[in-house]
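In what follows, a single structure is set out as structure tokens and then discussed.
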């Protein structure tokens, strides 16, 4: 029974944190250095996304939604957080 409460708490924390804009200290210092790096996610090329089969959708990771990943379309925002 105690573990049931922990799972509910984890879901609540994930839901509440969806709207937060997390800023890491010192992130602006590394931005200039990262933008000059050819492998930086800030210089990643835009890719053309293909149509997915029924039941799948794209989710995006990284700064500026750089990395597309394929996930189940039935997942909620809490489950993908």
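In this note's numbering, the protein residues as written are 5 to 85.
Where is the CB? At the ideal position from N, CA and C, for every residue including glycine.
>> Can you give me the C-alpha to C-alpha distance between residue 72 and residue 79, rounded to a whole angstrom?
In response: 16 Å
> residue 49 by DSSP, collapsed to three states: which one?
Replying inline: When DSSP states are grouped into helix, strand and coil, residue 49 belongs to the coil group.
> Short check: CB of residue 105 to CB of residue 76, under 8 Å?
Replying inline: The question about residue 105 has no answer, for the chain in this structure spans 5 to 85.
> Taking the continuous alpha helix (DSSP H) assigned at residue 76, which residues delimit it?
Replying inline: First-last for residue 76: 71 to 76, but that is the beta strand (DSSP E), not the alpha helix (DSSP H).
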